[in-house]
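A.B. asks: The structure follows.
Following this line, the structure appears as structure tokens:
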């Protein structure tokens, strides 16, 4: 259970991130929960902008889970090639579409336990869909969230599930949905993995990270 000081520190961190990023939502383009689910799977190891260049053609060719479930993998691979790891991603989005059709009548479920039964869907992807598509409180932990949370002493864990658990304990459920997207954006803009912009960081006074990057000379 977090201490009072740990909760206060976590609250200050999120308050400042809310000022830095007043609007908290994914940069992925989508029109329904299924499109967001597919786009989130495709976003692994690439940028949201790159995914957004691919998905219009993908969803024009396959407008529904039922359509993608019957797709020729070679055709899908051609469409998603530029996102990287295209063979595995093709397998994942076709498989999850098959599972949706067979197990959920093509409708994206609204609970984490059901979402993670879909092949190719982990807790991070499921949490993004819950928070973004349904407005259901969830914390998605990706590499940015894990890195930033550890640097800011919001967790000492390295396992994403344990990081998620620590963040859930630090913040009230009403604020969960805003945590992930803001921390992810902050990780991309400021708290880079290799060269964080510590000299320009609005959280530098709250950050115990020892290897701070000095300002450029």
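Numbering (the working numbering), first residue to last: 2 to 218. Idealized CB from N, CA, C, for every residue including glycine.
1. Is the distance from the Cβ of residue 183 to the Cβ of residue 25 below 8 Å?
2. From the DSSP output, in three-state form, read off residue 154 for me.
3. State whether the segment 152 to 170 contacts the segment 60 to 78, with contact taken as three or more CB pairs (one from each stretch) at a distance under 8 Å.
4. Would you mind working out which of 149, 207 and 218 sits nearest residue 191, comparing C-alpha positions?
5. Find out if the Cβ-Cβ distance for the pair residue 95, residue 70 is shorter than 8 Å.
6. I'd like the list of long-range same chain contacts for residue 46, defined as Cβ closer than 7 Å, with 5 residues on each side in sequence excluded.
7. Pick helix, strand or coil for residue 46, following the three-state DSSP scheme.
8. Taking DSSP as the reference, what is the three-state secondary structure of residue 141?
9. Taking 7 Å as the cut-off, is the C-beta of residue 8 nearer than that to any heavy atom in the ligand FMN?
10. Quick one: complete alpha helix (DSSP H) runs, 4+ long, within the segment 75 to 138?
11. Under 8 Å between the Cβ atoms of residue 129 and residue 41?
12. Applying the 10 Å Cβ sphere with the 16-neighbour rule, what's the burial state of residue 175?
13. With a CB to CB cut of under 7 Å and the five nearest residues on each side skipped, what residues in its chain are close to residue 219?
14. Start and end of the alpha helix (DSSP H) containing residue 168?
15. With respect to the alpha helix (DSSP H) encompassing residue 7, which residues constitute its N-terminal and C-terminal limits?
16. Could you name the residues of the same chain whose beta carbon sits closer than 7 Å to that of residue 51, not counting the 5 residues immediately before and after it, in chain order?
17. Just curious, the alpha helix (DSSP H) that residue 200 is in, first and last residue?
C.D. replies: So, from the data block:
1. Translated into positions along the chain shown, residue 183 becomes position 182. Translated into positions along the chain shown, residue 25 becomes position 24. In this structure, residue 183 sits near residue 25, with a CB-CB distance shorter than 8 Å.
2. To locate residue 154, count along the chain shown from 1; it is residue 153. Reduced to three states, the DSSP call for residue 154 is coil.
3. The segment 60 to 78 and the segment 152 to 170 do not touch, with fewer than three beta-carbon pairs separated by less than 8 Å.
4. The residue labelled residue 191 in the question sits at position 190 within the chain shown. Looking at the Cα atoms, 149 is the closest of the given residues.
5. On the chain shown, position 94 is the one that residue 95 refers to. On the chain shown, position 69 is the one that residue 70 refers to. Cβ atoms of residue 95 and residue 70: closer than 8 Å.
6. Along the chain shown, one-based indexing puts residue 46 at 45. When the five nearest sequence neighbours on each side are left out, the beta carbons in the same chain lying within less than 7 Å of the beta carbon of residue 46 are those of 85 and 86, in order along the chain.
7. Residue mapping note: residue 46 aligns to position 45 of the chain shown, counting from 1. Here residue 46 sits in coil by DSSP.
8. In the chain shown, residue 141 corresponds to position 140, counting from 1. In the structure shown, residue 141 sits in coil (DSSP, three-state: anything other than H, G, I, E or B).
9. The ligand content of the structure shown is nil, which means the ligand FMN is not present either.
10. For the segment 75 to 138, the full-length alpha helix (DSSP H) segments reaching 4 residues or more read 87 to 105, 113 to 116 and 124 to 130 along the chain.
11. Position 128 of the chain shown, counted from the start, is the residue given in the question as residue 129. Position 40 of the chain shown, counted from the start, is the residue given in the question as residue 41. The Cβ atoms of residue 129 and residue 41 sit closer than 8 Å to each other.
12. Your numbering for residue 175 matches position 174 in the chain shown. Per the 10 Å Cβ criterion, exposed.
13. Summary: the structure shown does not reach residue 219, with the chain confined to residues 2 through 218, and so no result is reported for it.
14. Numbered from its first residue, the chain shown carries residue 168 at position 167. Looking at the DSSP string, the run of the alpha helix (DSSP H) that includes residue 168 is 161 to 171.
15. One-based indexing of the chain shown puts residue 7 at position 6. Annotation for residue 7: the continuous alpha helix (DSSP H) segment containing it runs 5 to 21.
16. The residue labelled residue 51 in the question sits at position 50 within the chain shown. 83 and 84.
17. For the purposes of this step, residue 200 is taken as the residue at position 199 of the chain shown. For residue 200, no alpha helix (DSSP H) encloses it, and the DSSP letter there is neither H nor E.
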